[in-house]
Amino acid sequence: SARIVEQFRREAVVFESLGKLYTKPVGSSAEPRRLTSGGGDSLELWPAWSRDGNRIAFVRWTDSGLGNIVTVDPRGRGERVVTRQRGHYAVPQFSPDGDTIVFEKRGGGYLTSPDFSENQGVYAVSASGGTPRLVARDTATPQYGADDDRVFMLARAGGNLQLISADLDGEKRRVHAQGDLANDFRVSSRGDYIAFRQNYEVFAMPLLPGGQTVTVGEKASSLPVTKVSKGGADYIGWADNGSTLHWSMGPVLYRASTGALTPNAPGDEAPKFTPPDTGTSLARTVAADKATGTVAITGARIHTMAGEGAGTIENGTIIIEGDRIAAIGPASSVQVPSGATVIDAGGRVVMPGLVDAHAHGAQGTGDLIPQQNWSQVQNLAMGTTTIHDPSSSASMIFAAAERQQAGTLLAPRTFSTGEIIYGAKAPSVYARIDSYEDALAHVRRIKAQGGISVKNYNQPRREQRQQVVAAAREENMLVVAEGGSLFGMDMNLIADGNSTVEHNIPVDVMYEDVLQMFAGSDTNYTPTLTVTYGGLAGDPYWRQATDVFDNPLLVHTPPKMLIASTARRTKAPDWAFVDDNAAREAKKLADRGVKVSIGAHGQQAGIAAHWELWSFVRGGMSPVEALRAGTIEPAKSLGMDRDIGSLEVGKLADLVILTADPAEDIQNSDDIAQVMLGGRLYDAKTMNEVETGDEERLPYWWE
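Reminder that position 443 of the sequence shown reads as 570 in the numbering used here, one-by-one numbering, no gaps.
So, in structure tokens, the structure goes:
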């Protein structure tokens, strides 16, 4: 599993994988063991050991029932529900004596229900159960040092992340540490050290007693700072009464002895700390969820997108075995096997599922990936069967991708860069690059987390961007580069061999010099017509040109959100929009062999991918050219065309059944009746499985 949440105690680790908790001896190659045996389909999140090792606290979550804090013994027995009211609870932690649990009370309202979202903050509750009491409203990530009566928390002030502490009434506050680029603090169990995360690595330093504030950084001067990790760090924690610091990267748990961080010897004589190269693998091998049986789709006009053009087959038949296409062709040449499930698509059109090459969008909230993500169901319902998100939270999107593969999350196939390799000094995403080795470390970190690509995002110097490209080439990963509204930088990105340029080149017209250079490179292009530089984009254009709120397939979006964003429209004259101009220039590149792709940018879930298609046609592409930009071209650009992007024998059965032909009128592209993902057919309006099974989607929180 790419997502690890662990607490480490007495040579055992408890962690979350695919929404369930597992335990494993540290240093062992044994298979992880499920902690609990019940819970049904509920999610088990944010595990925490008591310091005596006798209890484990976690949050049990369902989308319909929300969360409760639960404790069990190390074998998953003796379950006790600690909270009396359901809510949006997170990150429980035991007090040193084990009698109290502190936790966050969060809110919902987007991916999750808004119910029980009031009075957010840090709370404390008896470990035996009871009524929680508020500690503080303006803090997060509660944790304990050595004392039962003092809680450490994270706060923000003056652009800094702060580690503060307070009593259980939230009073007598002290600021212990702060940093402008730090994005996490963890205090040791003895209260004598802190670990902090910056530049995706974990650092450790002594914690001063009393109320003195220390400013932290990679090279803070007031106290010795040790870089503890090498190659990235997530989910920092302390164990063994503060004598061990641990963290994870991808599926591997690493640890370091506190005594080795600051040896008792003069500076010149002290041995330098060497970050560990090996750790405990928490990986699990789980079979991908695959359809079984034989399905025949008959009588359809099929736009295969194979070869050149639409690759149209009239009165076609598709035979699907399991999750892949076994045969495709005219009805006269393809025999339907005996016993196959036959889907009569007479009078309808079949085309490949859309491949959104630049698909932002929430996968979760604060490390909670809900049982069902309405925005991804909405994307799938409207024909997007594969997404590539070039900027996301690694801890959430790769976990969501694994759950989709395992069959526990209804969503398109999901790929990503994780966090961007960002050149600006923003605390959560700044990726410092001073050498090729720095770039290689960032690329390897993303690969370990589950990325197939990296986002080369506005590193200020060309040499830094070149180092990212070289490192990605070494690791056989794609480099999708942020265009950044800078023409000169875009030309550098093409010349230096980035896999794609994301967002439109910010000029009204590309002349022969640019066209020849771009076409002569191996760089592809995702102009994201819904968001353009140089003028109003496709998103506001299609909001004013169509009645988005009346689209019958947008029933998978919360109604109030849909109405709020689409009903009352700000209008502008047609000449103010430049999505058509950007599309016109993209067509010039496509005509010269550059792979041009749709990239809906996470604008309006589901429909925005169609806005991309429609804007390409507004700019001069034929409907078939636009459909190729939504299917086979992004599949080729992402290196996935052996499996997706066209309807051919051996490829995955990802397809859309429409009631009207988008090759005749591109705005028919959202006239979708059914969507097939990996051989499973879903009704687009209900997103219940039909014909191939009877699985029903979960209720939405507003239903």
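Beta carbons: idealized from backbone N, C-alpha and C, even for Gly. Keep in mind the model is a prediction, meaning the values are calculated, not measured.
Could you tell me which uninterrupted beta strand (DSSP E) segments, each at least 3 residues in length, are contained entirely in the stretch 409–481, listed from first to last along the chain?
421–430, 439–448, 451–457, 468–471 and 476–479
State buried or exposed for G285, treating a residue as buried only when at least 16 other CB atoms are found within 10 Å of its CB.
Here residue 285 refers to the residue found at position 158 of the sequence shown. Label assigned to G285: exposed.
Residue from F676, K574 and M616 with nearest C-alpha to Q591
Reading the sequence shown from its first residue, position 464 is the one you call residue 591. Of the listed residues, the one whose Cα sits closest to Q591 is M616.
Nearest candidate by alpha-carbon position, reference A598, set I548, Q643 and S460:
Working through the sequence shown from its first residue, we reach residue 598 at position 471. Comparing Cα-Cα distances from A598 to each of I548, Q643 and S460, the minimum goes to I548.
Quick check: the stretch 569–585 against the stretch 479–487, are there 3 or more CB pairs under 8 Å?
no
Using the C-alpha atoms, what's the distance from T627 back to T653?
On the sequence shown, position 526 is the one that residue 653 refers to. On the sequence shown, position 500 is the one that residue 627 refers to. The straight-line gap from Cα to Cα measures roughly 7 Å.
Return the residue from the list Y584, Y668, L495 and M814 that minimises the CA-CA distance to N625.
Stepping through the sequence shown from its first residue, residue 625 is reached at position 498. For the residues Y584, Y668, L495 and M814, the minimum Cα distance to N625 belongs to Y584.
Around the Cβ of E206, are there at least 16 other Cβ atoms within 10 angstroms (buried) or fewer (exposed)?
The residue you call residue 206 lines up with position 79 of the sequence shown. The residue in question, E206, is exposed, as its Cβ has fewer than 16 Cβ neighbours within 10 Å.
Does the CB of N500 have a neighbour CB from chain C at under 8 Å?
Here there is only one protein chain, and chain C is not present.
Top-ranked residue by Cα proximity to E245, from R213, S648 and P219:
Position 118 of the sequence shown, counted from the start, is the residue given in the question as residue 245. For E245, the nearest C-alpha among the options comes from R213.
Beta-carbon gap between Q499 and L825 smaller than 8 Å
Taking the sequence shown and counting its residues from 1, one reaches residue 499 at position 372. Taking the sequence shown and counting its residues from 1, one reaches residue 825 at position 698. Taking C-beta atoms as the reference points, Q499 and L825 count as a pair closer than 8 Å.
Anticipated Cβ contact below 8 Å, L785 with M803, distance rounded:
Taking the sequence shown and counting its residues from 1, one reaches residue 785 at position 658. Taking the sequence shown and counting its residues from 1, one reaches residue 803 at position 676. About 12 Å; that fails the 8 Å criterion.
Ordered along the chain, which non-local residues of its own chain (more than five positions away) have a Cβ less than 6 Å from that of I424?
Position 297 of the sequence shown, counting from 1, holds the residue named residue 424. Around I424: I445, I470 and A472.
For I228 versus P201, is the C-beta distance shorter than 8 Å?
Your numbering for residue 228 matches position 101 in the sequence shown. Your numbering for residue 201 matches position 74 in the sequence shown. No, Cβ-Cβ distance for I228 and P201 is not below 8 Å.
Sequence-distant residues of the same chain with beta carbon closer than 6 Å to A427, five excluded per side
As a working mapping, residue 427 is identified with position 300 in the sequence shown. Once the five neighbours on either side are set aside, the close Cβ partners of A427 are G443, A472, R475 and V477.
For M688, which option in F676, F704, F312 and T697 has the closest C-alpha, if you only look at C-alpha atoms?
The sequence position of residue 688 within the sequence shown is 561, counting from 1. Closest by alpha carbon: F676.
Would you list the residues sitting across from F243 in a DSSP beta bridge?
Counting from one through the sequence shown, the residue named residue 243 turns up at place 116. Note: F243 sits in no beta bridge, so no partner.
With H, G and I counted as helix, E and B as strand and the rest as coil, what does DSSP make of A96?
What the structure shows of the chain is the stretch from 128 to 830, and residue 96 is not part of that stretch, so it cannot be assessed.
I183, DSSP secondary structure in three states
Translated into positions along the sequence shown, residue 183 becomes position 56. I183: strand per DSSP, three-state reduction.
Return the residue from the list A360, G358, E609 and V343 that minimises the CA-CA distance to V352.
Within the sequence shown, the letter at position 225 stands for residue 352. Selected option, being the one with the closest Cα: V343.
Please state the DSSP three-state secondary structure of G820.
Along the sequence shown, one-based indexing puts residue 820 at 693. Three-state result, G820: coil.
Return the chain-ordered list of same chain residues with a C-beta closer than 7 Å to the C-beta of R670, the five sequence neighbours on each side being excluded.
Position 543 of the sequence shown, counting from 1, holds the residue named residue 670. Correct list, in chain order: T693 and R696.
Can you give me the Cβ contacts of D788 inside the same chain, cut-off strictly under 7 Å, excluding the 5 residues immediately before and after it?
Here residue 788 corresponds to residue number 661 of the sequence shown, with the count starting at 1. Here the set comprises R428, V476 and N795.
Residue range of the alpha helix (DSSP H) that includes E590:
Residue 590 sits at position 463 when you count from the first residue of the sequence shown. Looking at the DSSP string, the run of the alpha helix (DSSP H) that includes E590 is R589 to E601.
Helix, strand or coil for W828? Go by DSSP, reduced to three states.
As a working note, residue 828 is residue 701 in the sequence shown. Coil, per DSSP.
To which residues of the same chain is P174 closer than 6 Å at the C-beta, ignoring the five residues directly before and after it?
What you label residue 174 is simply residue 47 of the sequence shown in a count that begins at 1. Excluding positions up to five away in sequence, the list reads Q134, V141, L148, I183 and F185.
Which residue comes first and which comes last in the beta strand (DSSP E) that contains W176?
Looking up residue 176 in the sequence shown gives position 49. Per DSSP, W176 belongs to the beta strand (DSSP E) from L170 to W176.
Return the CA-CA distance between T492 and W828, expressed in angstroms with no decimal places.
By 1-based counting over the sequence shown, the position of residue 492 is 365. By 1-based counting over the sequence shown, the position of residue 828 is 701. Cα to Cα, the separation comes out at about 15 Å.
Please go through the same chain and pick out, in chain order, the residues whose beta-carbon is closer than 6 Å to the beta-carbon of T389, but skip the five residues on each side of it.
Locating residue 389 in the sequence shown gives position 262, counting from the first residue. Excluding positions up to five away in sequence, the list reads P351.
Quick one: what does DSSP say H485 is sitting in, helix, strand or coil?
In the sequence shown, the residue the question calls residue 485 occupies position 358. The answer is coil: DSSP assigns H485 none of H, G, I, E or B.
Among the residues of its own chain, which have a CB less than 7 Å from the CB of A703, if the five just before and after it don't count?
Walking along the sequence shown from the start, residue 703 turns up at place 576. Sequence-distant partners of A703 (beyond 5 residues in either direction) whose C-beta falls short of 7 Å from its own C-beta, in its chain, are G662 and L663.
When you measure from the CB of D276 to every non-hydrogen atom of the ligand ATP, does any distance come out below 7 Å?
For the structure depicted, the ligand ATP is absent and the ligand set is empty, with no information on it obtainable.
How many angstroms separate the CA atom of L281 from the CA atom of E158?
In the sequence shown, the residue the question calls residue 281 occupies position 154. In the sequence shown, the residue the question calls residue 158 occupies position 31. Answer to the nearest angstrom: the Cα atoms are 35 Å apart.
Tell me the DSSP secondary structure of D770 in three-state form.
Within the sequence shown, numbered from 1, the residue matching residue 770 stands at position 643. Note: D770 maps to coil in three-state DSSP.
For E629, which three-state DSSP category applies?
Position 502 of the sequence shown, counting from 1, holds the residue named residue 629. E629 carries a strand assignment under DSSP once its states are collapsed to helix, strand and coil.
Alpha helix (DSSP H) containing P667: first to last residue?
Position 540 of the sequence shown holds residue 667. Note, P667: alpha helix (DSSP H), G665 to A672.
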